[in-house]
Amino acid sequence: MQNILVAGRLTLEQVQALTATVQQHPTIRLTVYTPTVVSAWPASVDLIAGDLTDAVGLTAAMLDQDLVLVQLESSALTKQTQSITAAMTASSTVPLVLSMPESVLTMAQKTVKWYQGHRQRKQLGEIRRVEQLLRQSQLNFTLIQGTTTADTTVYNRAMSQTWPTAVPIRRQLALTDYLSREFNLPFVA
Numbered sequence: 089m090q091n092i093l094v095a096g097r098l099t100l101e102q103v104q105a106l107t108a109t110v111q112q113h114p115t116i117r118l119t120v121y122t123p124t125v126v127s128a129w130p131a132s133v134d135l136i137a138g139d140l141t142d143a144v145g146l147t148a149a150m151l152d153q154d155l156v157l158v159q160l161e162s163s164a165l166t167k168q169t170q171s172i173t174a175a176m177t178a179s180s181t182v183p184l185v186l187s188m189p190e191s192v193l194t195m196a197q198k199t200v201k202w203y204q205g206h207r208q209r210k211q212l213g214e215i216r217r218v219e220q221l222l223r224q225s226q227l228n229f230t231l232i233q234g235t236t237t238a239d240t241t242v243y244n245r246a247m248s249q250t251w252p253t254a255v256p257i258r259r260q261l262a263l264t265d266y267l268s269r270e271f272n273l274p275f276v277a
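Per the numbering used here, the sequence shown starts with residue 89, numbered consecutively.
Here it is in structure tokens:
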């Protein structure tokens, strides 16, 4: 039995995709740690109400998990990453997969008015800070940035030794991709 924790605020589409994937793999036991409990989860899923900035709650939810999948929110990237890395120190060998809706490529593709430049630079700084926090941690992590084929980038523990930042992978990735046993990350540099 593989125990998987999914943490963060998930959309209805993500809930449906995770539910369908878990139903196809009867050996997966899913626990969801989320601030908003959605009624779309089946009864076999353990639901825990909590925020990603609560390191104590996250630590308790991460006990006995074989894989941790996290959906970060753009509004609190650094705080959530700090909380997650603090909570993961007790189980640092467990694979951690983080996903965020925006990447550096997403930010670069947006047309920005002169008065929005400060906000864009701040968001880029947050993305870089998340990468830095993960690089400095001793965690077995993979960070997926972006949501479309054109803007998805990936960064992980192995890459952090030689690459200072995420690299494009030219394909769309979702958290559910990591539930498949035959999943191999396609690196394109």
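The beta carbon of each residue, even a glycine, is placed where N, CA and C say it ideally should be.
Nearest-angstrom Cα separation, counted from residue j out to residue i
i: L93; j: A149; result: 8 Å
i: Y121; j: L140; result: 8 Å
i: T107; j: L157; result: 14 Å
i: L98; j: Q159; result: 7 Å
i: I43; j: V200; result: Given a span of 89 to 277 for the chain in the structure shown, any question on residue 43 remains unanswerable.
i: Q90; j: A128; result: 22 Å
i: E190; j: K210; result: 13 Å
i: L146; j: Q168; result: 10 Å
i: A277; j: D239; result: Unreliable positioning characterises A277 in this predicted model, as indicated by a pLDDT of 35, which lies under 50. The coordinate reading is nonetheless provided below. A277 and D239: Cα-Cα distance of roughly 14 Å.
i: I116; j: L155; result: 10 Å
i: V110; j: L184; result: 18 Å
i: E270; j: T119; result: With a pLDDT of 49 at E270, under the threshold of 50, the modelled position of that residue is not reliable, and the figure given next carries that caveat. Each residue's Cα considered, the two are about 22 Å apart.
i: P123; j: A143; result: 13 Å
i: S248; j: Q153; result: 24 Å
i: N244; j: R217; result: 14 Å
i: M176; j: F229; result: 10 Å
i: T235; j: G96; result: 16 Å
i: D134; j: Q208; result: 37 Å
Assigned exposure category for residue i - 16 Cβ within 10 Å defines buried
i: Y203; result: exposed
i: S162; result: exposed
i: F275; result: Note that F275 scores a pLDDT of 40, beneath 50, so its modelled location is shaky and nothing firm can be said.
i: A178; result: exposed
i: T181; result: exposed
i: Q226; result: exposed
i: A246; result: exposed
i: G205; result: exposed
i: Q233; result: buried
i: E219; result: buried
i: L151; result: exposed
i: E214; result: buried
i: L186; result: buried
i: T237; result: exposed
Run of the alpha helix (DSSP H) containing residue i, from where it starts to where it stops
i: T173; result: 165 to 176
i: A95; result: Taken as a continuous stretch (DSSP letters only), A95 belongs to no alpha helix (DSSP H), being part of the beta strand (DSSP E) at 90 to 96.
Continuous beta strand (DSSP E) stretch holding residue i: start and end
i: T241; result: 241 to 244
i: L157; result: 155 to 159
Closer than 8 Å: residue i CB and nearest the ligand NAP heavy atom
i: T124; result: Absence of the ligand NAP is noted for the structure shown, with no ligands found whatsoever.
Expected contact under 8 Å - CB spacing of residue i and residue j to nearest Å
i: P252; j: T241; result: With a Cβ gap of about 13 Å, P252 and T241 do not count as contacting.
i: V126; j: V103; result: 5 Å
i: L212; j: M188; result: About 12 Å separates the two Cβ atoms, so there is no contact after all.
i: L231; j: A196; result: With 8 Å as the limit, L231 and A196 do not qualify as a contact, their Cβ atoms being about 18 Å apart.
i: L221; j: Q170; result: 6 Å
- Quick one: which unbroken alpha helix (DSSP H) runs of 4-plus residues sit fully inside the stretch 100 to 152? Chain order, please. 100 to 112, 143 to 149
- Enumerated in chain order, which unbroken segments of the alpha helix (DSSP H) with a length of 4 residues or greater are wholly contained in the stretch 183 to 232? 192 to 197, 205 to 224
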